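*Asks:* Dumping the structure here so I can ask a few things about it.
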Amino acid sequence: MFFSTEAIYSYWPYAAYLSLGIFFCIQAYYILFVYGKLAAHRIVEPSTDQHLPPVSVIISAYNEQDNLTRFLPLILEQDYPTFEVVVVNDCSDDETQWLLREMASKYTHLKVVDIGEHIRLKHTKKFTLTIGIKAAKYEHLVFTDADCEPATPHWLRAMVAPFAEGKEIVLGYSPYFKHRGLLNKLIRFETTHTAMSYLSYALKGDAYMGVGRNLAYTKSLFYKGKGFNAHMHIKSGDDDLFVNQNSNRNNTAIVLAPDAHMYSVPKLTWKTYYKQKARHAGASVMYKSRHKWMLAVQLLSAILFYISLGVSIALLPTLWYIPVTIYFLRLIAQYSIYSYAFRKLAVRDLLLWLPLLDLFFYFFICLNGLFNRNRKQTSWK
5 MFFSTEAIYS
15 YWPYAAYLSL
25 GIFFCIQAYY
35 ILFVYGKLAA
45 HRIVEPSTDQ
55 HLPPVSVIIS
65 AYNEQDNLTR
75 FLPLILEQDY
85 PTFEVVVVND
95 CSDDETQWLL
105 REMASKYTHL
115 KVVDIGEHIR
125 LKHTKKFTLT
135 IGIKAAKYEH
145 LVFTDADCEP
155 ATPHWLRAMV
165 APFAEGKEIV
175 LGYSPYFKHR
185 GLLNKLIRFE
195 TTHTAMSYLS
205 YALKGDAYMG
215 VGRNLAYTKS
225 LFYKGKGFNA
235 HMHIKSGDDD
245 LFVNQNSNRN
255 NTAIVLAPDA
265 HMYSVPKLTW
275 KTYYKQKARH
285 AGASVMYKSR
295 HKWMLAVQLL
305 SAILFYISLG
315 VSIALLPTLW
325 YIPVTIYFLR
335 LIAQYSIYSY
345 AFRKLAVRDL
355 LLWLPLLDLF
365 FYFFICLNGL
375 FNRNRKQTSW
385 K
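Structure (structure tokens):
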């Protein structure tokens, strides 16, 4: 039996409604059963009498004089029994070298590694981190960036605590400083959304990434996994690709205690933010297949949900209340879960902006990924 062209056209609005329902169900799964893991997660404060192993904190720096002046003392003065801070100065041409020498004379546990520029050698962050790891004298490594500020003097204690339980990878959380303006809200929302995803999947026993601004793992695991060799040709990915390659159900933990938060300086212009996200986009092509599919379904179902929502209303406006009801059901599910997750992630102020930021976020991430997924990366900063 064949349908006429007119009959086919008459079914289009209902096909849009069916698509909207399917994408709503997929989104409901992610919101309730993935992000719900983080919302229900109970934060356990580290024990004060817990055995804490010696730790090496590793920071890679390129022209970071101002940030090191502001933030490095806060890391060097952490309340922790035995630790060193290894700063790898990667060919800086500002006053970083002299600043670090001055700090090293004051802080005996600061180790400075200077990398000289070579006409035939282009450094990547993975190269500088590898140098820092080799220079570190302790087995347990904690990583952060020069533009990061620990929430409290107990940051290191909180981040290292899972090592006492035999974990090899510890995933921390690194929010951005709050400023005025839409760009800052989007940056903080994107960071929060990413954190909800990777922390939730870690709780499900399937960690797929971490953030290098607040990440820890053992030196033994680094050498066992042959460092960054499998993805050294990609400039980004020193954090997420390493975790994707080496994490398993038993060796990874997350730390969400407020003491463990590591705040970072956000980009201040749309151009620099777009450049930053473009640099990050290329690493996802190296994720394990199941993680690529998982993230693709999550992203595309959200985008297609919004598209189906608009198409449904446009094609059958007399039944506008059905797609609008579905939209609000999704929004209610988001608020019910995000309110708990956002409180843990210290961004409750963003809840008011959720409808706008959620829409903006998905389409921005999609466009960024399409235009920059295979783009050649030229720098690690």
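Reading the sequence shown from the start, the letters are residues 5 to 385 in our numbering. Glycine residues also receive a C-beta, built at the ideal position from the N, C-alpha and C atoms. Here the structure is a predicted model, which means the values were calculated and not measured.
1) On the DSSP bridge assignment, give the partners of THR256 in chain order.
2) Please list, in chain order, all residues of the same chain as ASP149 whose beta carbon is under 6 Å from its beta carbon, the five residues on each side excluded.
3) DSSP three-state label for ASP149, please.
4) Determine the direct distance from the alpha carbon of TYR142 to that of VAL59, and round the result to whole angstroms.
5) Short check: CB of TYR4 to CB of LEU187, under 9 Å?
6) Closest to GLY136 by CA distance: which of LYS115, LYS110, TYR39, TYR84 is it?
7) For a test of the three-state rule: what should DSSP assign to PRO154, helix, strand or coil?
8) According to DSSP, is GLU88 helix, strand or coil?
9) Straight-line CA distance for SER204 to GLY241?
10) Looking at the strands, I want to know which residues DSSP matches up with LEU219.
11) At what residue ranges does the region 266-336 contain a whole run of the beta strand (DSSP E), taking only runs of 3 or more?
12) May I have the straight-line CA-CA distance separating GLU81 from TYR221, to the nearest angstrom?
13) Spell out a yes or no on whether the region 263-279 and the region 290-299 are touching, meaning 3 or more CB-CB pairs, one atom from each, closer than 8 Å.
14) Starting from ILE79, trace the alpha helix (DSSP H) both ways and give me its first and last residue.
15) Could you check the C-alpha separation between MET298 and ILE258 for me, to the nearest Å?
16) Restricting to Cα atoms, I'd like to know which of LEU175, SER201, PHE181 is closest to ARG192.
*Replies:* According to the structure data:
1) ILE173
2) ARG217
3) strand
4) 6 Å
5) The requested residue 4 does not occur in the structure, where the chain is confined to residues 5 to 385.
6) LYS115
7) strand
8) strand
9) 20 Å
10) PHE147, LEU175
11) 266-268
12) 21 Å
13) no
14) 69-80
15) 20 Å
16) PHE181
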